[in-house]
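Heads up: the structure comes next, in structure tokens.
In our numbering, the protein residues as written are 443 to 521.
Structure below.
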């Protein structure tokens, strides 16, 4: 059950996210989303390098690996 919750949280992060210009690396795009989800799950996604948590911000960045997995989950859960 915990694995499914983690997958669904990643999918929700992805579906509610947006792409914007990186503030740290001009010319680079980053995929941002709000982090109003369980810290336990966010920490696991961070440990698995699916997201990057930004301290002092209410945003997380979804990594390329996270976006790739979220696209698979989207096809699986939302055919």
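All C-beta atoms, glycine included, are put in the ideal place defined by N, C-alpha and C.
Coarse secondary structure for residue i, derived from DSSP in three states
i	result
residue 501	strand
residue 471	strand
Candidates the options: closest to residue i by CA position
i	options	result
residue 399	498, 488, 517 and 516	What is shown of the chain runs 443 to 521, which leaves residue 399 out entirely.
residue 480	469, 516, 447 and 519	447
residue 459	508, 509, 474 and 491	474
CB contact flag (residue i, residue j, <8 Å)
i	j	result
residue 501	residue 467	no
residue 483	residue 451	yes
Any non-hydrogen atom of the ligand ATP within 7 Å of residue i CB
i	result
residue 500	The ligand ATP is not part of the structure shown, which contains no ligands of any sort.
Residues of its chain near residue i, where Cβ-Cβ distance is below 8 Å and the 5 sequence neighbours each way are ignored
i	result
residue 486	448
Cβ neighbours of residue i in the same chain (closer than 6 Å, five flanking residues each side left out)
i	result
residue 512	452, 453 and 456
residue 494	503
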